[in-house]
Every structure is written in structure tokens, then in C-alpha cells.
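Student: My structure is below; once you've seen it, I'll send some questions.
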Amino acid sequence: MLDKFAIARALREIGMLLELEGENPFKVRAYDRGARAVEELAEDLGTLVREDRLTDVPGIGEAISKKVASLLTTGRSGLLDELRAKHPPGVLELLQISELGPKKVAALREALGVSSVDELEAACLAGRVRELRGFGARTEQKILEGIGRLRARLSSRRTLLAEAVEVGERILDHLDGSSACLRRDLAGSARRARETVGDLDVVAASTDPAALAEHLTHFPLVAEVVARGETKTTVRLGSGLAVDLRIVPPEDYPTLLHHLTGSKAHHVKLRGIARDRGYTLSEWGLFRLPPDRPPVGASDGPPPGSEKVPLESEEALYAALGMQHVQPELREDEGEIEAALEGRLPRDLVAIDDVRGMVHCHTTWSDGLASVEEMARAAEALGMEYLTITDHSGSAGYAGGLDVDRLRRQWDEIDRVQEKVKIRLLKGSEADILESGGLDWPDAVLERLEVVVASIHSRMKMGEDEMTRRLVRAMELPVFKIWGHALGRLLGERDPYACRVEEVLDALAGSRGAVEVNGDPKRLEADPRLLRLARARGVPVVLSVDAHSVKDLGSLRWAVATARRGWVRRGDVLNARPAEAFREAVRPVA
DNA sequence: GCCGTTTTCGGCCCGACTGTTTTCAGTCG
303 MLDKFAIARA LREIGMLLEL EGENPFKVRA YDRGARAVEE LAEDLGTLVR EDRLTDVPGI
363 GEAISKKVAS LLTTGRSGLL DELRAKHPPG VLELLQISEL GPKKVAALRE ALGVSSVDEL
423 EAACLAGRVR ELRGFGARTE QKILEGIGRL RARLSSRRTL LAEAVEVGER ILDHLDGSSA
483 CLRRDLAGSA RRARETVGDL DVVAASTDPA ALAEHLTHFP LVAEVVARGE TKTTVRLGSG
543 LAVDLRIVPP EDYPTLLHHL TGSKAHHVKL RGIARDRGYT LSEWGLFRLP PDRPPVGASD
603 GPPPGSEKVP LESEEALYAA LGMQHVQPEL REDEGEIEAA LEGRLPRDLV AIDDVRGMVH
663 CHTTWSDGLA SVEEMARAAE ALGMEYLTIT DHSGSAGYAG GLDVDRLRRQ WDEIDRVQEK
723 VKIRLLKGSE ADILESGGLD WPDAVLERLE VVVASIHSRM KMGEDEMTRR LVRAMELPVF
783 KIWGHALGRL LGERDPYACR VEEVLDALAG SRGAVEVNGD PKRLEADPRL LRLARARGVP
843 VVLSVDAHSV KDLGSLRWAV ATARRGWVRR GDVLNARPAE AFREAVRPVA
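For the first sequence, the residue numbers in this note's numbering are 303 to 892.
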């Protein structure tokens with residue numbers, strides 16, 4: 303039986319195939335919206351279908367609900383079968399090539415009969431594409447480059463948030479070196495703190511945009527200038543990362559920053575709200591439409607007679623639309639707009655300055671690179687009040703996990719270091735969750751530990767049932783444990799392990815424990831969706847660094863960003879509490 | 001295809017840039 307994710311994929315495929323057929327773009331979008339709605343259902347899909355309540359879900363109407371029901375019960379959809387019969391599977395891949403959209407793909411199929419990336423490449427190399435009406439030698443070349451990038455993308459991963467932000471901040475510094483730069487910020491998915499980014503969006507205010515755009519092209523890592531217009535310049539860095547720079551006059555900066563921050567889904571909905579209230583919204587500003595406003599057509603800017611609303615900030619923009627300010631990390635159209643309209647967005651999202659203790663740190667006792675004392679002094683220098691030392695337990699042999707004897711000797715060392723530093727040191731362990739669901743320490747040790755992070759490091763490919771049972775057992779243990787590495791993903795390398803998250807969180811909520819937000823840029827577990835499920839159950843959160851070196855303590859920033867995406871508030875975070883309160887809250891044995 | 005405290009029909013977000021064109025279509029975000 304298909305699950306909701308498979309059904310969402312099928313709806314998206316229908317949308318793409320309809321697009322190829324030149325269908326009404328709004329119809330195409332309807333399938334995309336429907337797919338997303340199915341994916342994000344809070345309620346069980348089977349129940350909704352059985353009780354015939356699917357059309358109550360926004361974005362799903364009569365037609366799509368029938369297709370969903372058919373996909374759910376039979377695994378098939380007549381329309382999808384029909385579309386697939388008309389379009390060979392390789393054609394959808396053609397749409398993935400940048401430069402190519404539905405119209406060009408259709409033209410290429412029609413004129414040259416190409417139906418796969420390989421065939422298209424051959425046609426380009428043979429010079430057959432340039433002869434087509436609407437195409438030219440330049441387009442042919444760009445398609446070839448696009449094919450190269452598609453293959454690179456398929457074989458490599460997107461850029462990790464931390465890498466993208468690091469280079470992005472270097473670009474901001476570089477822009478500051480130009481007197482033409484009045485304001486500048488990172489925007490796009492980097493500003494929203496998505497775990498990976500496709501390209502980097504930079505926005506700037508200037509009265510001399512040409513000079514500033516020119517300045518960007520001299521950033522040392524620029525390999526190629528891809529596009530150059532009056533307000534937008536695109537360059538590609540040596541790493542392959544594309545950087546878009548948009549420049550506007552200072553008075554248009556707030557709406558530009560907002561526009562380029564996205565997400566697209568957030569904007570589409572926001573613009574609909576603006577229109578309902580008699581405005582039109584774009585990167586150039588918020589405009590009050592004249593009373594006899596013309597219907598929306600091919601847009602050439604706001605219609606004549608529109609009046610620009612002066613806005614000094616993003617906050618002012620949301621206020622003008624009668625809603626709370628939405629923090630960038632929340633702008634995904636996942637309920638934040640409705641909440642902002644009703645005034646129930648959290649006003650106290652956790653911020654980095656709220657965090658008082660570094661949690662989940664390794665040392666040379668297991669697979670860390672720094673000693674207990676080095677980690678302690680580094681955390682102290684960062685202004686932390688406490689640090690939890692949580693080296694691996696014995697079954698993590700590959701990581702130098704500790705046995706009981708070495709753990710005792712580590713405690714002696716921690717005591718010695720504690721006498722030399724002000725920061726409070728807590729004795730903990732990252733205890734493996736064994737295959738049975740037990741923890742990798744005898745009770746006598748658990749009773750003496752001050753912090754336990756419980757993680758899975760092995761046997762990750764269990765089936766969903768078995769894995770769920772394993773985790774539920776671990777979470778139900780009466781000790782307080784922090785669920786570490788929830789779902790165990792490695793971005794771009796390893797998918798999350800299979801389990802029924804809500805059952806695990808129910809077990810955690812019914813027992814004593816918290817869920818970890820791991821700041822390691824390659825992990826960023828738990829993801830925002832899981833965090834929202836945890837919050838809904840009152841499960842508290844710990845923001846961890848999973849540090850294996852002094853430098854890794856900087857990962858706190860990414861843990862905070864990820865938590866914010868999950869709507870985590872200051873009060874939800876245990877290590878936003880003072881040292882003694884934290885110790886009391888997480889002590890494994892009460 | 002979806003949707004409706006003005007609507008069950010007629011809307012549906014908006015603009016920049018490129019290449020191939022003589023005024024614009026297609027793509028992208």
C-alpha cells in the first residue's frame with residue numbers, strides 16, 4: 303500500500319507531466335499544492351479517506367481527493383497511467399536541466415524526438431538543437447552546461463548550511479569593502495536556515511548598483527559571471543555554488559530582503575493576503591491598489607494609480623498586512639501565516655544568547671580531539687556556565703567508547719579540572735541504545751551519571767516495526783535521557799532510519815526525557831517537523847553541539863537555528879536554564 | 001484543479017534576465 307509520501311510523489315509527477323502537456327499552469331500548481339497538503343497531513347490519510355473528509359483539507363478538492371483515494375486503495379491512478387504511457391520516463395529528467403522548462407522540452411521532443419538526457423546531449427553535440435526555431439547556438443551551449451551541472455548535482459550533495467553561510471559571510475565582508483554598499487544581508491534558504499542550500503542569495507542597498515555589482519565579480523572565489531543585469535548579478539564560485547546578488551535603492555531594501563528570503567510558498571500566500579486587502583506586494587514594495595483595480599494580467603509593475611506604502615523594515619511590512627512579524631526561519635507556509643494573523647506566533651523563539659550550557663561534548667577519552675581541560679576552558683571563554691562531558695559508551699568500540707573502569711578514571715580527571723576552572727562540569731555519557739532497546743551501561747553506573755544522551759549508532763537498517771519497538775523501549779526507561787541523533791541522518795549521505803516517530807515521542811512524553819537538537823552541520827537532527835511534534839507533546843529540548851573539538855563548540859549556532867525552525871521557545875530548552883536547574887532537570891535517576 | 005464574510009465563475013503572486021527576437025517567450029526564483 304502506498305504511504306502518503308508515495309502518493310504525494312505521484313501527484314507531483316502528474317503535475318509535471320501536465321505541465322509538459324502545456325496544461326493551465328494553475329492546474330499544475332494545484333497538483334503541487336495537493337501533493338504538499340497530503341505530505342503534511344497531521345491526521346492519518348486512511349482515516350480521512352474512509353470518512354470522506356479529504357476535501358476538508360485546504361488544497362485538496364474533488365478531483366485530487368478521488369485520485370488520492372484511488373492511489374491509496376489500488377496503488378494506481380488512471381490519469382497517471384495515461385500520462386506515463388504518453389511520456390517516456392526520461393522526459394521528466396529533462397525538466398531538471400536548468401535552462402529547460404516545459405515549453406522547450408516539448409519543442410525538443412516534437413522536433414528532435416529526444417526523450418532522455420543522454421539523447422539531448424547527443425543532439426546538442428551534433429549541433430541539431432541550434433537549428434530549431436526559438437533556440438540558438440548560445441542556448442545549445444547552455445543546455446550542455448546545464449546537463450553537466452545536473453549530473454554533478456545528482457552525484458554530489460547540496461551545500462551544507464554551515465558551509466554556505468560561511469562563504470556567504472565572506473561575501474558580505476567583501477561587499478563592505480565597496481563604498482557603494484549601504485546595506486547587505488544574506489537572504490534565501492541560508493537566511494531561513496534550511497539544512498542545505500541550492501544557491502546563495504545576497505541582497506544589497508546602493509545608489510550605485512553598477513559599481514557594487516562589479517565589485518562582487520572581484521570576490522576571490524568567483525569562477526564565472528553567469529548573468530549581469532541592472533539590479534541582478536549572478537556569479538558561480540569555484541565550488542560550483544551560484545551566488546545571486548540583487549541591488550536596489552535604500553528605500554526598497556526591506557521589501558527586497560523580504561522577497562529574496564522566501565520561501566516561495568510563504569510569499570505566494572502572503573501576496574494573496576495582500577491582494578485580498580487591496581494591496582499588491584513585490585520586491586519593489588507594498589502598493590495600495592486603486593479602487594477600480596484592473597484584473598491581474600501580465601504584470602508590468604503595480605497598475606497605474608497604485609500608491610506605495612512606505613516601509614522601513616520587514617516588521618513594518620507584516621504590520622501593514624495586519625499580522626505578527628514572522629521570523630525568517632518560520633517562513634515556509636507551514637502554519638506560520640495563519641498563526642501570525644491570529645496573533646499566536648511564539649514571541650520568544652530560542653536565541654543563541656539564551657543558551658547557558660554546552661551539551662554533548664566528546665574528549666580525548668573517546669573520539670574527541672581535545673582534553674577535558676581544553677574543552678572546559680573553551681566553553682568558559684564562550685561565556686558558558688556549564689559543560690557536559692558525554693564520551694561514548696563501550697559498545698561504540700570504533701569511537702574509543704569507555705568501559706566502567708575508564709569512566710571512573712575520567713571522573714577523577716573531571717574532578718581535577720573542576721578545581722581549576724569556574725565553568726561547571728557535568729559527568730555524562732553518550733550511551734548507545736542497544737539492539738534490545740536497553741542502554742549500554744549497568745544501572746549502577748546510570749545512577750551515578752549526571753547526564754545521559756541516548757543514541758543509536760549501530761544497526762540502523764532495522765525495519766520500521768523493529769526500530770520503533772527498540773526506540774520505544776529505550777524511551778520508556780525510567781531514567782532521564784536525552785534522545786540523541788534522532789533519526790540518525792547524515793545530510794546527503796545517509797537517510798534517516800525508519801521508525802514511527804510519533805510513537806517514539808509518545809513514549810518519551812510519557813517517561814522522563816528530552817529530545818536533542820544536534821548542531822553538527824552534517825546532521826542537524828532533530829528536524830523541524832519532529833521538533834514540532836515533540837513540542838506538541840510537551841517534550842523538552844536540549845540544544846547540543848556534539849563537539850569533537852574546541853572548534854565544534856561553534857555548532858551551537860546551527861542547533862539554535864534548527865530549533866527555531868521547529869518553533870522551539872526559550873522555555874522549551876533545558877540548557878537555557880541555569881546550571882543547577884539544568885542538572886536537576888536531566889539527572890538520570892531522580 | 002481549487003476556492004469563495006463581496007464570488008459556484010473567474011480569478012489564481014510577481015518581476016528579472018536571457019536569447020532570439022524586432023516586441024517577446026521562456027525560465028527562474
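Don't be surprised by glycine CBs; every beta carbon is placed ideally from N, CA and C. What you are looking at is a predicted structure, and each value in this text was computed from that prediction instead of being measured.
Return the bridge partner residues of I784 from the DSSP annotation.
Tutor: V755, A816.
Student: Check A296 in the structure and name its three-state DSSP category.
Tutor: Residue coverage of the chain in this structure runs from 303 to 892, which leaves residue 296 outside it and unanswerable.
Student: Quick check for students: name the residue ranges of the beta strand (DSSP E) that lie wholly in the segment 790-876, counting only runs of 3 or more.
Tutor: 815-820, 843-849
Student: For G856, which option in M769, A698, A680 has the closest C-alpha, if you only look at C-alpha atoms?
Tutor: A680
Student: Quick one: give me the first and last residue of the alpha helix (DSSP H) that M769 is part of.
Tutor: 766-778
Student: Of the choices G363, A683, S673, E795, whose alpha-carbon is the least far from that of T692?
Tutor: The shortest Cα separation from T692 among G363, A683, S673, E795 belongs to S673.
Student: Contact defined as beta carbons within less than 8 Å: I believe H561 pairs with S584. What is the distance between those atoms, to the nearest angstrom?
Tutor: 7 Å
Student: What residues match up with L610 in a beta bridge as DSSP calls it?
Tutor: Leu is not the amino acid found at residue 610; the sequence shown has Lys there. DSSP output for K610 lists F589 as bridge partner(s).
Student: The alpha helix (DSSP H) that contains D354, what's its start and end?
Tutor: Element bounds for D354: n/a, residue is neither H nor E.
Student: Kindly provide the ranges of any alpha helix (DSSP H) runs that are 4 or more residues long and lie completely inside the segment 336-398, ordered along the chain.
Tutor: 347-352, 364-376, 380-388, 392-397
Student: Taking the continuous beta strand (DSSP E) assigned at M660, which residues delimit it?
Tutor: 659-663
Student: For the beta strand (DSSP E) holding I575, just list the boundary residues, first then last.
Tutor: Where I575 is concerned, there is no enclosing beta strand (DSSP E), although the alpha helix (DSSP H) it sits in stretches over 566-578.
Student: Take R708 as the anchor and find which of Y688, H694, T535 has the nearest alpha-carbon.
Tutor: H694
Student: In the DSSP assignment, find the unbroken beta strand (DSSP E) run with E732 in it and report its ends.
Tutor: 726-734
Student: For K763, name the three-state secondary structure that DSSP assigns.
Tutor: coil
Student: Using only the alpha-carbon positions, how far apart do E423 and A506 sit?
Tutor: Near 38 Å, if we compare the C-alpha coordinates of A506 and E423.
Student: By how many angstroms is the C-alpha of L547 removed from the C-alpha of R839?
Tutor: 42 Å
Student: Assuming R496 and L463 form a contact by the criterion Cβ under 8 Å, report the distance between their Cβ atoms to the nearest whole angstrom.
Tutor: 7 Å
Student: I need the boundaries of the beta strand (DSSP E) containing A544, first residue and last residue.
Tutor: Taken as a continuous stretch (DSSP letters only), the beta strand (DSSP E) holding A544 covers 544-550.
Student: Express the C-alpha separation of R796 and W713 in angstroms, rounding to a whole number.
Tutor: 34 Å
Student: Mind checking L456: buried by the 16 CB within 10 Å criterion, or exposed?
Tutor: Exposed is the call here.
Student: Tell me whether I445 is buried or exposed, calling it buried when 16 or more other Cβ atoms sit within 10 Å of its Cβ.
Tutor: The residue in question, I445, is buried, as its Cβ has 16 or more Cβ neighbours within 10 Å.
Student: Compute the beta-carbon to beta-carbon distance between D812 and A776, rounded to the nearest angstrom, for a pair I have assumed lies under 8 Å.
Tutor: Note that residue 812 is Gly in the sequence shown, not Asp. That belief does not hold up - the Cβ atoms of G812 and A776 are roughly 13 Å apart, past 8 Å.
Student: Please determine, among D745, E732, E676, the residue with the shortest C-alpha to C-alpha distance to S851.
Tutor: With distances taken between Cα atoms, S851 lies closest to E676.
Student: Count the other CB atoms, across all protein chains shown, that sit within 10 Å of the CB of L588; report buried if there are 16 or more and exposed otherwise.
Tutor: buried
Student: Determine the DSSP secondary structure at T441, reduced to helix, strand or coil.
Tutor: helix
Student: Any idea if G868 is buried or exposed, counting beta-carbon neighbours within 10 angstroms, 16 or more meaning buried?
Tutor: When all chains shown are included, G868 counts as buried.
Student: On a CA-only basis, which of R872, E468, P522 is nearest R649? Give me that one, please.
Tutor: R872
Student: Rounding to the nearest angstrom, what Cα-Cα distance links A618 and E737 in this structure?
Tutor: 53 Å
Student: Are the segment 645-659 and the segment 873-885 touching, with three or more C-beta to C-beta distances below 8 Å?
Tutor: Enough Cβ pairs lie closer than 8 Å, so yes.
Student: What is the C-beta distance between V545 and T533, in whole angstroms, given that I count them as a contact (C-beta under 8 Å)?
Tutor: 15 Å between Cβ atoms; not a contact.
Student: Can you round the beta-carbon distance between L477 and L502 to whole angstroms, since I take them to be within the 8 Å contact cut?
Tutor: With 8 Å as the limit, L477 and L502 do not qualify as a contact, their Cβ atoms being about 13 Å apart.
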